[in-house]
Amino acid sequence: MGNGGEGGDASKNGSQRAGEGSYVIHDHRSKRPHHDLRLERGGVLKSWALPKGMPSSPGERRLAIMVEDHPLEYGSFEGTIAEGEYGAGEVRIWDRGTYEEVSWSDEKIEFVLKGGKASGKYALVRFRKAGEGAWLLLRGRG
């Protein structure tokens, strides 16, 4: 059943059972170069723009701005987004693989990336002081 053994609890508090899915990190060379972290969930890619890229050391944190969901097909996209289009610029896959969802709620998402460059434990934590859609991406230890 869902968290706490009650099937209705998950929908009430925005949390859901742990699972696995695919992830991709795009290197997005636009007017403001950044990485995009995308986690497969609910038939879409939940997405965050990372202005300063992925954290590379345990304990390091980076601002992550939640952006619109992307279709699953976007997980394999590499190419050029035309000038005048949203996100115009070059998009390349920086890393990809699968991830294990440890927990997922409206305030905190914990997961383990199982891929190449970014393998390891991470947490996304709501950062309300920085505005709507702002999260902090923290790299875990171990």
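Residue numbers (UniProt numbering): 1 to 142. Glycine included, every Cβ here is placed at the ideal spot set by N, Cα and C.
Integer Cβ distance of residue i from residue j, believed to fall under 8 Å
i, j, result
"Leu-138", "Pro-55", "7 Å"
"Leu-113", "Arg-61", "Their Cβ separation, rounded to whole angstroms, is 16 Å, which puts Leu-113 and Arg-61 out of contact at 8 Å."
"Gly-87", "Ile-81", "5 Å"
"Thr-98", "Ser-22", "6 Å"
"Ile-65", "Ala-118", "The pair is not a contact, with the Cβ atoms about 18 Å apart (cut-off 8 Å)."
Test item: CB-CB of residue i and residue j under 8 Å
i, j, result
"Gly-115", "Arg-96", "yes"
"Glu-85", "Glu-20", "no"
"Ile-109", "His-26", "no"
"Leu-50", "Leu-37", "yes"
"Val-67", "Phe-77", "no"
"His-28", "Gly-53", "no"
Beta-bridge pairing of residue i - partner residues as DSSP gives them
i, result
"Ala-49", "Asp-36, Ile-65"
"Lys-129", "In the DSSP output, where bridge partners are listed per residue, Lys-129 has none listed."
"Phe-111", "Glu-101, Tyr-122"
"Pro-71", "Val-44"
Cβ shell of residue i (< 8 Å), same chain only, five flanking positions each side left out
i, result
"Val-44", "Asp-69, His-70, Pro-71, Leu-72"
"Arg-141", "Pro-58, Gly-59, Lys-121"
"Lys-31", "Ala-88, Gly-89"
First through last residue of the beta strand (DSSP E) which encompasses residue i
i, result
"Gly-21", "20-29"
"Glu-101", "89-104"
"Tyr-122", "120-126"
"Arg-139", "134-139"
"Gly-79", "79-81"
Own chain residues within Cβ distance below 6 Å of residue i, not counting five before or after
i, result
"Gly-131", "none"
Same chain only: Cβ atoms within 7 Å of residue i, ignoring 5 sequence neighbours per side
i, result
"Glu-6", "A caution first: Glu-6 carries a pLDDT of 34, below 50, which makes its placement in the model unreliable, though a value can still be read off. Hits under 7 Å: none found."
"Arg-41", "Gly-21"
"Val-102", "Ala-18, Glu-110, Phe-111, Val-112"
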